Amino acid sequence: MSRRNHRKRRMQETAQLDVTTFLNLMVVLIPFLLISAVFSRVAIMELSVPTSAGGSESNKPNFSIEVIVRKTGLEIANGSYVEAAIPKKDDQYDMKMLSEMLMRLKAQYPDKEDATVLLEPEIAYDYMIQIMDAVRGAEIREDGGEAVQKMILFPDISIGDAP
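Heads up, the working numbering is the position in the sequence shown plus 37, with the first residue counted as 1.
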């Protein structure tokens, strides 16, 4: 009878799991994963896709602002022809000239809220974002001062492929 009790006792002892090594692994692994994790900020931009001819907008004037991004430079068009061409400076797009041209257009058409950015294939994503920021708004420095005033130009941006 003592043999049988001894056997039961041994089976009960082996039924328990030792999780100490697993907990040690977690104590080391969790801080390592938290330290090596990449924390990034996700920004979402509201965009609209250019639509084909619609019947509901027939009473609006046929004027649209298009910023065409080409490998050689930028073009500003009004929907039917190119109004201005801005060549690259030192292999970079001239964002200052683009902002000035867009501010002139905003002065001519103060109620206009939308613009279209058209890109050629293989234009870098970073350039697209810079140009969209320039179309959306501009920063104006006060006369010789440190103060910067933000001016909203065309906040409703559509994107598409350049012709």
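Each residue gets a CB set at the ideal place from its N, CA and C atoms; glycine is no exception. Given the structure is predicted, the values throughout are model-derived calculations rather than measurements.
Residue i burial status per 10 Å Cβ neighbour count (16 or more: buried)
i	result
A122	exposed
M138	buried
E103	buried
A161	exposed
I67	exposed
I194	buried
Nonlocal neighbours in the same chain, by C-beta distance under 6 Å from residue i, ignoring five residues either side
i	result
I177	Q186 and M188
A171	M132, L135 and S136
R107	E157
V56	none
Sheet register partners of residue i (DSSP bridge)
i	result
E112	I105 and A122
L156	V106 and D198
Q186	I177
D193	D151
Q129	K126
Proximity test, Cβ basis, 8 Å: residue i and chain C
i	result
M63	Judged by its chain identifiers, the structure shown contains no chain C, having just a single protein chain.
Nonlocal neighbours in the same chain, by C-beta distance under 8 Å from residue i, ignoring five residues either side
i	result
V119	I105, E112 and I113
Q167	Y130 and M132
D163	none
M169	M82, V154, I194 and I196
Own chain partners of residue i with C-beta closer than 7 Å, once the 5 adjacent residues on each side are dropped
i	result
S13	In the structure as shown, the chain begins at 38 and stops at 200. Residue 13 is therefore absent and cannot be evaluated.
M63	none
Beta carbon of residue i nearer than 8 Å to that of residue j
i	j	result
L190	K143	yes
M140	A184	no
L155	G110	no
E150	P124	no
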